[in-house]
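Take a look at the structure below.
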């Protein structure tokens with residue numbers, strides 16, 4: 001063992017620092033991680049492990065916190081974010097990772113935690129389901145799957161007991177990775193063969209043949225040369241379906257475009273010219289880089305507020321995938337669990353309606369809008385679409401191809417996709433025509 005347990009930069013501390021930053025800023029784990037390793041290139045070889053380790057901690061944080069309280073006698077929420085997440089990481093490591101007890105004990109001592117051999121043995125022996133006994137159904141499921149209680153209660157009402165728990169299980173499993181073949185640069189078959197040589201086995205989707213499901217791989221897709229060359233883009237199938245459902249024909253505006261995945265796909269599929277708006281300048285700069293990498297030359301980024309868009313033209317096609325509560329991404333982005341609150345659903349729904357109103361004013365008569373979110377709430381999905389129908393004269397029509405389940409509240413023309421059923425993020429999409 002080195003003089004400093006785990007060396008000067010133990011993986012446990014790296015993970016704790018990344019999660020703490022994500023939790024404190026309420027920003028994506030992925031973005032924090034990218035920035036962290038850009039600042040610390042000497043630690044880049046730990047990135048893959050750090051990503052998997054952090055996801056594991058976040059998918060079990062409520063169990064880890066209960067073990068901290070019951071076994072170690074520490075209330076995690078009284079600790080500073082770094083200390084809290086370091087303690088979570090150490091308990092997670094002791095319980096779920098194949099590391100030596102000496103390492104965990106050494107790091108606990110180094111960072112001042114009262115975790116000795118007796119406590120370590122109790123952590124290893126205690127079963128989460130034993131800790132869950134005596135709790136009510138909502139509290140028990142929230143504990144087992146490390147989800148906010150209000151989310152569990154909402155999913156139970158929305159889907160029923162059996163379906164909701166299957167979804168919760170999926171949120172705690174490794175999600176399916178999808179790659180979008182960039183046919184502006186390479187054919188699908190050509191790309192499949194190139195990726196196989198890199199150790200990535202992929203298969204084309206039955207509904208969207210330009211979408212490739214990663215079946216197995218010895219390397220991260222973002223690390224192969226074909227990614228840097230723009231031959232593919234990591235994009236969920238549900239997101240691609242929203243663009244495919246829009247169809248060909250006319251000038252397109254994407255009103256919440258960054259990072260540019262949907263706008264670039266519209267250009268790829270239909271050779272469409274796309275005006276891609278986004279409010280945040282930093283995200284627009286990221287989008288510009290992506291568009292260059294993908295050679296999506298017909299996409300025109302605009303840094304603007306889409307609730308008051310600086311556009312005079314009327315559009316035949318609109319894409320609107322606004323910011324949302326992201327409950328459908330609780331598996332892909334488990335950090336959301338640490339801060340998502342029910343009042344945010346109402347805040348997002350109100351902003352989404354402002355965007356829908358602006359979209360209706362940009363849409364020419366007979367024009368089509370695809371509205372989508374990566375959340376599961378009725379307030380941000382079906383209720384918004386029904387409001388747009390009744391208030392804005394936007395008539396829901398059938399979404400094709402039919403991949404997901406019908407929408408709720410009688411909105412059967414819309415689609416809902418779920419990770420446990422469709423191997424995608426949780427997703428909603430509806431197509432509306434201006435009448």
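Residue numbers (my numbering): 1 to 435. A virtual CB, placed ideally from N, CA and C, is assigned to each residue, including glycine. Computed from a prediction, not measured in an experiment: that's the story for all the values here.
Exercise for the section: Assign residue 370 to one of three DSSP states: helix, strand, or coil. Expected result: strand
Exercise for the section: Specify the secondary structure class of residue 11 as computed by DSSP and reduced to three states. Expected result: helix
Problem - Burial state of residue 334 (16 or more Cβ within 10 Å) - result: buried
Exercise for the section: Would you decide whether residue 102 is buried or exposed? Buried here means 16 or more other CB atoms lie within 10 Å of its CB. Expected result: exposed
Practice task
Look at the Cβ atom of residue 67, then the Cβ atom of residue 57, and state whether they are nearer than 8 Å.
Solution key: no
Handout entry: CB of residue 200 within 8 Å of CB of residue 188, strictly
Key = no
Handout entry: Residue nearest to residue 89 in terms of C-alpha spacing, selected from 173, 62 and 70
Key = 62
Exercise for the section: Please look up how many angstroms separate the CB atoms of residue 431 and residue 401, rounded, as I've assumed it's under 8 Å. Expected result: Rounded, the Cβ-Cβ distance is 12 Å, inconsistent with contact.
Exercise for the section: Look at the alpha carbon of residue 285 and the alpha carbon of residue 130, and state the distance between them as a whole number of angstroms. Expected result: 49 Å
Exercise for the section: Hey, could you find the ends of the beta strand (DSSP E) residue 431 is sitting in? Expected result: 427 to 434
Handout entry: C-alpha distance - residue 379 paired with residue 198, whole-angstrom precision
Key = 44 Å
Exercise for the section: Let me know the secondary structure DSSP gives residue 384 once reduced to three states. Expected result: helix
Handout entry: Start-end ranges of the beta strand (DSSP E) lying completely within the stretch 136 to 160, minimum 3 residues
Key = none
Practice task
Taking only the alpha-carbon atoms, compute the straight-line gap between residue 361 and residue 370 and give it to the nearest angstrom.
Solution key: 15 Å
Problem - residue 254: first and last residue of the uninterrupted beta strand (DSSP E) it sits in - result: 252 to 254
Problem - C-beta atoms of residue 363 and residue 384 nearer than 8 Å - result: no
Handout entry: The beta strand (DSSP E) enclosing residue 41, as first and last residue numbers
Key = Unbroken run through residue 41: none, as it is neither H nor E.
Practice task
Per DSSP, which residues does residue 317 bridge with? Please list them.
Solution key: 252 and 368
Problem - Helix, strand or coil at residue 395 [DSSP, three-state] - result: strand
Problem - Nonlocal neighbours in the same chain, by C-beta distance under 6 Å from residue 195, ignoring five residues either side - result: 202
Problem - Rounded separation between residue 166 and residue 158 - CA only - result: 13 Å
Exercise for the section: Would you mind sorting residue 17 into buried or exposed? The rule is 16 or more other CB atoms within 10 Å of its CB. Expected result: buried
Handout entry: Candidates 126, 382, 171 and 272: closest to residue 246 by CA position
Key = 272
Problem - For residue 354 and residue 347, the rounded distance between their alpha carbons - result: 11 Å
Problem - Classification of residue 253 by the beta-carbon crowding that lies within 10 angstroms, buried from 16 upward - result: buried
Problem - With 16 other Cβ atoms within 10 Å as the buried cut-off, status of residue 93 - result: buried
Problem - CB of residue 72 within 8 Å of CB of residue 107, strictly - result: no
Handout entry: Same chain, Cβ closer than 7 Å to residue 132, five either side skipped, listed in chain order
Key = 140, 143 and 144
Handout entry: Supposed close pair residue 185, residue 208 - CB separation, criterion 8 Å
Key = Not really, about 18 Å apart at Cβ, beyond 8 Å.
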